[in-house]
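What follows is one structure encoded as structure tokens, with my remarks underneath.
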Amino acid sequence: MIKLNTPIEYVKGVGPKRAELLQKELNIFFVEDLINHFPFRYIDRSKFYTIAELTDNMPQVQIVGRLGEVQELGKPRQKRLVAKFYDPSGSIELIWFKGVKWVKPTLQAGADYVIFGKPTVFNGKINIAHPDIELLSKATSKSQVALQPVYHTSEKLTANGLHSKGIEKLIKSVLPEILNEFYENVPTQFHDPLKLMPRKMAIKEIHFPQNLTYMQAAQYRLKFEELFFLQLQIIRMKLYRDRDIQGFVFGKVGEHFNQFFHDHLPFELTNAQKRVIKEIRKDLGAGKQMNRLLQGDVGSGKTMVSLLVMLIAMDNGFQSAMMAPTEILANQHYEGISELLEPLGIGVELLTGSTKQAARKGIFERLLSGESSIIVGTHALLEDHVKFKNLGLVVIDEQHRFGVAQRSKMWQKNAIPPHILVMSATPIPRTLAMTLYGDLDVSVIDELPPGRKPIETRHLRDSHRLKVFAFMKDQIDKGRQVYVVYPLIKESENMDYKDLMDGFDGITRAFPLPQYKVAIVHGQMKPADKDHEMQLFASGEAQIMVATTVIEVGVNVPNASVMVIESAERFGLSQLHQLRGRVGRGADQSYCLLVTGNKLSNEAKQRIETMVRTTDGFEVAESDLKLRGPGDMMGTQQSGMLNLAIADLAKDGKILQLARSAAFELLKSYPNLDSPDLINTRRFYQKMVKLRPNWSKIS
Ligand code: ADP
Ligand code: MG
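Quick look at the structure:
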């Protein structure tokens, strides 16, 4: 007999080999995982379009027609497959950018096909990229089913008979046997007011909907369920922290803060900085553990805020640690903060991967004895032998660069967890922040220091390189400095290195010694060499810095006013925005030049257009979320946690709100879900906590 916890191998038609593939490719281990592998869309088999009817604002459509000539086009590294497809009303192109090698042999020119995909317009012509394509002779007959589910699968699974239809067949065969095991997990009090379909029905309808209305109701119910349990977890953690964790009280503002604030502050704080410091001070005095996200666009002055907070910690007898994601950035913070605090006679420590063994010993001793009050560093701070006398505050810069485990490790550096201030320039859209950081308080610096001019962003093609060089020359003649950044997606990619070094050669030829000096920084250099080159640029000795994205985060050279980004189409939006944020830090007009090839994918085009249109980080982030989805946005470390089965944070903001208030309401009456009516809710909740322990400890 098949049950939800039956290993997938024992389902009829699976067996050991396919089971292994299902596990590897789709994380399907048990029957339950199979059932929770929801269709990602449906084909409306009741409707066909003719080519003449197509426009570019249609959703996905189904067409019957004949395949014409199939051609491979493009450079070796950017091959694409283009095929003509026509019906009596006209013709379009089908295009594949990926998988060219294995798609091509499956296409039979001259045969009739049913295709399915989203029409888009490119160069005035309609095409469909990566369509589903099926020989007409093999296609499901129209009358058989109205909404056919489509499941994610993989090349390997497809090769073993588990294409979407194969998966559909498996689900169809087990569903009747296990449907009764799907008990109702959302408290019934919410069903009527929120119009939630019963769980059992939703599971059936999500796979095999009777019609569009039922399909949508099933999706809504299952999205709600997923977000509801997520919110229960996050909110419970928040309640626990508010109630049970005692925080250090930083009750006073004393001599260090006051002296620095009145005598050594290099500029007047912006109103936003002042407001944020007030918000933080309120937390620090409240007797709870602070857990606050400080969001502010690049260049908004987060570092100064964190420095002032560290001085408050010091005034109350506590130590502070500031952790940065890269060595360059840690060095820069160290130098900046040391210089600012020097007149007060406060020494700052620095600990990174390249701190010498001999020096470490002294640092560890001074931290343990309490002689040192402030330390700046990289991941090295997480090591077990870094121990403090009384660590009261942890500042985490560019928090999205750290994994959850790393961040929660800082919690444990003290018996009483220190106050945590995480800073990020990557603006996180509201819906995402609520899910990821449901239990984090958020402060926003929404104002740049005065006198900054918005950065002008332009898009240029490769073929206009001379224009780019001329512009650089012009700016350098005016005394400015220039960054030129090359993509280096994987440190190991030799092609990328070649591009970088070719670029560097080209630039040194166009900007020769002795008149010009060009610095270079990339990931494979020794830290000491990196520092040396950074120093050349920071001091103004080098006018040009050629670099990979190692300079993406946080680096601050106010005299640099031009950011040239090569192969800009290969960067994600948040990266582009971060890179652009390296300029525009002084009073001069700054520029960002996005250099791309001539042919751009639609998505790349939209990214570049977004960058040219706006400098507002929140707008960039919203656009990013829409284009890429949340998993990618947060960088690889966090994407794993965003493994939602059905909800989509970019689109389901409303459902998230509903789920969040329902979760709040429930926990207000039953903080531990311990009412007899809630047995099933609680049972399911506990199962989720086991599956996703990280969700509650995200900060
Ligand atoms: P981010 O928020 O990106 O970390 P930084 O803290 O690096 O920004 O600050 C960017 C630049 O702005 C630095 O040179 C800093 O000294 C300067 N700055 C910060 N606050 C102010 C202010 N209130 N007035 C003028 N300049 C400021
Ligand atoms: Mg910063």
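Residue numbering for the sequence shown follows this note's numbering, starting at 889 and increasing by one per position.
Here a beta-carbon is modelled for each residue, glycine too, at the ideal position from N, C-alpha and C.
- Excluding residues up to 5 positions away in sequence, Val970 and Asn1015 lie with their Cβ nearer than 6 Å to the Cβ of glutamate 981 in the same chain.
- Taking C-beta atoms as the reference points, glycine 1184 and alanine 1313 count as a pair closer than 8 Å.
- The three-state secondary structure of proline 1213, taken from DSSP, is coil.
- Within the same chain, Ile980 and Glu981 come within 8 Å of lysine 1013 by CB-CB distance, once the 5 residues on both sides are set aside.
- Not one heavy atom of ligand 1 is found less than 7 Å from the C-beta of leucine 1228.
- Our two residues, lysine 1414 and threonine 1396, have alpha carbons roughly 22 Å apart in a direct line.
- Ligand 2 never approaches threonine 1266 closely enough for any of its heavy atoms to be under 7 Å from the residue's Cβ.
- For glutamate 1457 against threonine 1436, the beta-carbon gap comes to about 16 Å, at or over 8 Å, which does not count as contact.
- In this structure, Gly953 is the residue among Gly953, Ala1547 and Ile1308 with its C-alpha nearest to the C-alpha of threonine 938.
- The beta strand (DSSP E) runs lying completely inside the region 1391-1465 and spanning 3 residues or more are 1406-1409, 1432-1435 and 1448-1453, given in chain order.
- Apart from the 5 residues on each side of it in sequence, isoleucine 1003 sits with its Cβ closer than 6 Å to the Cβ of Ile951, Pro1019 and Ile1021 in its chain, given in chain order.
- Leucine 1467 is not a Cβ neighbour of histidine 1347, given a cutoff of 8 Å.
- Remark: C-beta atoms of histidine 1144 and isoleucine 1234 approach each other more closely than 8 Å.
- Residue pairing of glycine 1265 in beta bridges, as defined by DSSP: Met1211 and Leu1239.
- Separation of alanine 1268 and valine 1471 (C-alpha to C-alpha, rounded to the nearest whole angstrom) is 29 Å.
- Of the heavy atoms belonging to ligand 1, none sits nearer than 7 Å to the Cβ of proline 1559.
- Apart from the 5 residues on each side of it in sequence, phenylalanine 1357 sits with its Cβ closer than 7 Å to the Cβ of Ala1398 in its chain, given in chain order.
- Using a C-beta cut-off of 8 Å, the region 1197-1211 makes no contact with the region 1328-1336, since fewer than three inter-stretch Cβ pairs fall below that distance.
- As the crow flies, the alpha-carbon of proline 1086 is around 7 Å from that of glutamate 1072.
- Between serine 1462 and aspartate 1512 a beta carbon distance of about 6 Å is seen, short of the 8 Å cut, so the two are scored as contacting.
- Counting only unbroken stretches of 4 or more residues, the alpha helix (DSSP H) elements lying wholly within the region 1307-1376 are 1318-1324 and 1353-1365, in sequence order.
- Here the region 1234-1243 lies against the region 1253-1267, with 3 or more beta-carbon pairs under 8 Å apart.
- Threonine 1484 is bridged by DSSP to Arg1349.
- For aspartate 1285, the shortest separation between its Cβ and any heavy atom of ligand 2 lies below 7 Å.
- For valine 1186, the Cβ falls inside the 7 Å cut-off from some heavy atom of ligand 1.
- Here DSSP, grouped into helix, strand and coil, assigns lysine 1013 to strand.
- Taking a 10 Å sphere around the C-beta of leucine 1281, we find 16 or more other C-beta atoms and assign the residue as buried.
- A residue is called buried when at least 16 other Cβ atoms come within 10 angstroms of its Cβ; valine 1137 does not meet this threshold and is exposed.
- Apart from sequence neighbours up to five positions away, the residues of its chain that approach glycine 1175 with a beta-carbon distance below 8 Å are Gln1134, Gly1135 and Val1137, ordered along the chain.
- Per the coordinates, the alpha-carbon of arginine 1353 lies some 51 Å from the alpha-carbon of isoleucine 1122.
- Between leucine 1196 and valine 1186, the alpha-carbon positions lie close to 19 Å from each other.
- Tryptophan 984 counts as buried, since at least 16 other C-beta atoms from the protein chains shown sit within 10 angstroms of its C-beta.
- Residue environment analysis places threonine 1345 among the buried positions, since at least 16 neighbouring C-beta atoms fall within 10 angstroms of its C-beta.
- A distance below 7 Å between beta-carbons, with the five flanking residues on each side excluded, links glutamate 1491 to the following residues of its chain, in chain order: Leu1515.
- Distances taken from the Cβ of proline 1337 to the heavy atoms of ligand 1 include one shorter than 7 Å.
- Each of Gln1147, Arg1248, Leu1488 and Gln1494 was checked against the Cα of glycine 962, and the nearest Cα belongs to Leu1488.
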